[in-house]
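Participant: Residue numbers (the working numbering): 1168 to 1232.
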């Protein structure tokens, strides 16, 4: 799947993902339910992957200019 976004949208997504990741860390620390903690950690991995992809997209766009 390909998704085209502009620089402003990319920056917004990175910011929102960063805030969500921060909240996830706290939720993971305070959760006693092991299954819920597993789900939260999976979400954390997905957020980190998205942040990485968005960062790579910026690097590629910069090198093509």
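All C-beta atoms, glycine included, are put in the ideal place defined by N, C-alpha and C. In this text, all values refer to a predicted model and were calculated from it rather than measured experimentally.
Cutting at 8 Å between CB atoms, please list the residues of its own chain near residue 1222, excluding the five before and the five after it.
Facilitator: For this step, residue 1222 is matched to residue 55 along the chain shown. Excluding positions up to five away in sequence, the list reads 1181.
Participant: Considering only residues of the same chain and omitting the five flanking positions on each side of residue 1191, which have a CB-CB separation below 8 Å?
Facilitator: Residue mapping note: residue 1191 aligns to position 24 of the chain shown, counting from 1. So the qualifying residues of the chain are 1207, 1210, 1211, 1214.
Participant: Straight-line CA distance for residue 1184 to residue 1175?
Facilitator: Stepping through the chain shown from its first residue, residue 1184 is reached at position 17. Stepping through the chain shown from its first residue, residue 1175 is reached at position 8. The alpha-carbon atoms of residue 1184 and residue 1175 are separated by roughly 14 Å.
Participant: Starting from residue 1195, trace the alpha helix (DSSP H) both ways and give me its first and last residue.
Facilitator: Position 28 of the chain shown, counted from the start, is the residue given in the question as residue 1195. Taken as a continuous stretch (DSSP letters only), the alpha helix (DSSP H) holding residue 1195 covers 1174 to 1197.
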